[in-house]
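J.: Going by the working numbering, the first residue of the sequence shown is number 1234, and it counts up by one from there.
To start, I am sharing the structure in question, which I have written as structure tokens.
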Amino acid sequence: MVKTPIDKNGKGNCCPKCGSKKVSVHMQYPLFVEEDLNTGKEILYHLSTGERLYNPTIRELALRYKLAKLDAQCWIYKCRKCDWVSEMFTP
Ligand SMILES: [Zn+2]
């Protein structure tokens, strides 16, 4: 695969500083959480039945993580070799 340094638009596949392909993307996702105002306790509903969940399973919590990942708010690129960090990108 041809090495293309990451440019101002965030396109490319290698570090513009050292040329390494050991580049990571660091993304930020929104996680919307509902809490009771007075108790501070999180209120969760089952995603398909809408029933209140008092003891959510790891699987039910993981599904929320997966859904949040569909909607990146911003991201940066970081080179794991020379520590180069890009500017921040948004959709
Ligand atoms: Zn680098």
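Note that CB positions come from ideal geometry on N, CA and C, so glycine has one too.
Keep in mind that this is a model prediction, so the values were computed, not measured.
#1: Which first and last residues belong to the beta strand (DSSP E) in which residue 1309 is found?
#2: Count the CB pairs spanning the region 1238-1249 and the region 1278-1293 that are closer than 8 angstroms, and state whether there are at least three.
#3: If you reduce the DSSP assignment to three classes, tell me which class residue 1284 lands in.
#4: When we look at the beta-carbon of residue 1248 and count the other beta-carbons within 10 Å, is it buried (16 or more) or exposed?
#5: Any chance the CB of residue 1253 is under 7 angstroms from a heavy atom of ligand 3?
T.: In short, the structure shows the following:
#1: Taken as a continuous stretch (DSSP letters only), the beta strand (DSSP E) holding residue 1309 covers 1307-1312.
#2: Contact between the region 1238-1249 and the region 1278-1293 is not established, with fewer than three Cβ pairs separated by less than 8 angstroms.
#3: Coil.
#4: Buried is the call here.
#5: You won't find ligand 3 in this model; what it holds is ligand 1.
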